[in-house]
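So the mapping is simple: the numbering used here equals the position in the sequence shown, first residue as 1, plus 2.
Working notes for the structure below.
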Amino acid sequence: MPREHTPCRTYERDTCTLSPFCQLESLNPGGSIKDRPALEILRRSIEEGQIGKDTVIVEATSGNMGIGLAQICCRLGLRFICITDKNISAQNLQLLRAYGAEVEVVTEADPANGDLLQTRIARAQEIARRLRNSFWVNQYANIYNARAHHQTMLEILDQLDGKLDFLFCAASSCGTVRGCAEYLRLNGFGSTKIYVADAYGSVIFGGKRGKRQIQGHGAGIKPRLFARGLVHKSIKVSDLECVIGCRRLLAAEALLVGGSSGATLMAVEHAKNDIPDDANCVMIFPDRGERYLETVFCDDWVREHLGCSASDLESHKRSFGMSSGCVKAAANCKAAPLHDSASK
Ligand SMILES: Cc1ncc(COP(=O)(O)O)c(C=O)c1O
Numbered sequence: 003m004p005r006e007h008t009p010c011r012t013y014e015r016d017t018c019t020l021s022p023f024c025q026l027e028s029l030n031p032g033g034s035i036k037d038r039p040a041l042e043i044l045r046r047s048i049e050e051g052q053i054g055k056d057t058v059i060v061e062a063t064s065g066n067m068g069i070g071l072a073q074i075c076c077r078l079g080l081r082f083i084c085i086t087d088k089n090i091s092a093q094n095l096q097l098l099r100a101y102g103a104e105v106e107v108v109t110e111a112d113p114a115n116g117d118l119l120q121t122r123i124a125r126a127q128e129i130a131r132r133l134r135n136s137f138w139v140n141q142y143a144n145i146y147n148a149r150a151h152h153q154t155m156l157e158i159l160d161q162l163d164g165k166l167d168f169l170f171c172a173a174s175s176c177g178t179v180r181g182c183a184e185y186l187r188l189n190g191f192g193s194t195k196i197y198v199a200d201a202y203g204s205v206i207f208g209g210k211r212g213k214r215q216i217q218g219h220g221a222g223i224k225p226r227l228f229a230r231g232l233v234h235k236s237i238k239v240s241d242l243e244c245v246i247g248c249r250r251l252l253a254a255e256a257l258l259v260g261g262s263s264g265a266t267l268m269a270v271e272h273a274k275n276d277i278p279d280d281a282n283c284v285m286i287f288p289d290r291g292e293r294y295l296e297t298v299f300c301d302d303w304v305r306e307h308l309g310c311s312a313s314d315l316e317s318h319k320r321s322f323g324m325s326s327g328c329v330k331a332a333a334n335c336k337a338a339p340l341h342d343s344a345s346k
């Protein structure tokens, strides 16, 4: 499947002259950055003979990876069994089924550590073992998950004429951060700094496992793809900050993006003293906000799950010095602004 670059456009922060770019991964065909590893893993594994036309694809996922795999399996006529958990959104469940995935929902957390991810993975392994002709995608350890992001990094560099000082991204399986970091290192971009937004309650960069409520933001296990030496700084971002970041992007830029994009914006906010005004800084925004209308963009959900009222949320949002940056952002845009390209 030939692809065009996903666009990298400017985001204007009014508090200084820094204008970070955002890489809009929502414009992949299945709506998220996870289309990339889904395609890369299946394509390489077909080439290597691990997947044939009767192979059943199995993976544990509660969101974007499942949707990416379901889309490609649908296209290739492969059977896909998706093991998800009770926290999956109704919309993601419907999307998976619309693409023809067989979905199994686990409800019991791992008794040893209370984590649903472990139960999902164990169940996916069990199903893959039981079926005669199966392929377990295993995104947390599959090296093609990371390799897919060599292309992501190439596309970003291409749009910035090879000048990149800071890359900010979220991490869950660590495919994005590992793949981007590897590409930079292998291609002589050793001076680019990589900063990662990690969740409280995530154990990727250390800390205690705890409740996390934003999809794609942190992990309750340390993924095999994780490699500490590739990252210059990890920044803890709370679930509420993810919401504040998302609401701020919506108000200032009319960008409706998912929770981990809000996390990435807030990581830039936390690290702004590290970033010279003339630096080229890119934030990877993994998906669009439509998948979060009942969570991140729902005041009742935010109050119930994160203990923050709508009025407090509004003042948190303002405390970051938000104003309208849309006009300047569009004028500064390197790649065509979204609204322009849509109207052509
Ligand atoms: C919305 C979202 N953001 C960020 C990530 C993290 O990406 P990675 O798994 O490559 O670390 C994911 C992964 O599923 C995601 O769905």
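Positions of the beta carbon are idealized from the N, C-alpha and C atoms, including for glycine.
In this chain, the alpha helix (DSSP H) harbouring Leu188 covers Gly177 to Leu188.
If you look at Ile35, you'll find it isn't in any beta strand (DSSP E); DSSP assigns it neither H nor E. Judged by the Cβ position, Gln25 fails to qualify as a neighbour of ligand 1 at the 8 Å threshold, every heavy atom of the ligand being at least this far.
For the pair of segments examined, the region 212 to 227 was found to touch the region 132 to 144: the number of CB pairs separated by less than 8 Å reaches three. Within the same chain, no Cβ atom closer than 6 Å to the Cβ of Lys274 is found once the five residues on either side in sequence are excluded. Judged by DSSP in its simplified three-state form, Gln127 adopts helix.
Between the alpha carbons of Leu118 and Ala103 lies a gap of roughly 20 Å.
Burial is judged here by how many other beta carbons sit within 10 angstroms of a residue's own beta carbon; Arg149 has at least 16 and is buried. Only residues of its own chain outside the window of five on either side were considered, and among them Asn147, Ala150 and Gly177 have a CB closer than 6 Å to the CB of Pro39, listed in chain order. Each residue's CA atom was taken as its position, placing Ser34 and Arg290 some 7 Å apart. Here Ser317 is exposed, its C-beta having fewer than 16 other C-beta atoms within 10 Å. DSSP places Arg11 within a strand segment (E or B) once states are collapsed to three.
Sorting Leu232, Asp301 and Val105 by C-alpha distance to the C-alpha of Ser313 places Asp301 at the top.
Residue environment analysis places Thr109 among the exposed positions, since fewer than 16 neighbouring C-beta atoms fall within 10 angstroms of its C-beta.
Distances from the alpha-carbon of Gly247 to those of Lys238, Ala269, Lys235 and Ala229 put Ala269 closest.
In this chain, the beta strand (DSSP E) harbouring Lys235 covers Lys235 to Val239. For Ile223, the distance from the CB to the nearest heavy atom of ligand 1 is not below 8 Å. The residue among Thr297, Ala256 and Gly181 with its C-alpha nearest the C-alpha of Arg230 is Gly181. Restricting attention to beta strand (DSSP E) runs no shorter than 3 residues, the region 185 to 273 encloses them at 195 to 201 and 235 to 239, ordered along the chain. Judged by their CB atoms, Cys310 and Val233 are not nearer to each other than the 9 Å cut-off.
In this structure, Pro22 has its beta carbon at no less than 8 Å from each heavy atom of ligand 1. With a cutoff of 8 Å, Gln141 counts as near ligand 1, since its C-beta is closer than that to a heavy atom of the ligand.
Phe168 is positioned such that its CB atom lies no closer than 9 Å to that of Asn94. In this structure, Ile123 has its CB at a distance of at least 8 Å from all heavy atoms of ligand 1.
Taken from the Cβ of His234, every heavy atom of ligand 1 lies 8 Å or farther away. A heavy atom of ligand 1 is found nearer than 8 Å to the CB of Met67. In this structure, Ile85 lies near Arg122, with their beta-carbon atoms less than 9 Å apart. Shortest gap from the CB of Gly261 to any heavy atom of ligand 1: under 8 Å. In this structure, the beta-carbon distance from Gly32 to Gln73 falls below 9 Å. Under DSSP, the beta-bridge partners assigned to Phe168 are Lys195 and Cys283.
When the Cα atoms are used, Glu157 and Ile129 turn out to be separated by approximately 37 Å. In the displayed model, Ala312 falls within a helix according to three-state DSSP. Rounded to whole angstroms, Lys210 and Ala201 show a C-alpha spacing of 11 Å. Around the C-beta of Ala254, 16 or more other C-beta atoms lie within 10 Å, and the residue is accordingly described as buried. Within the same chain, Cβ atoms closer than 8 Å to the Cβ of Asn115 are found at Arg211 and Gly222, the five residues on either side in sequence being excluded.
In this structure, the straight-line span from the alpha carbon of Pro22 to that of Ser136 is close to 43 Å.
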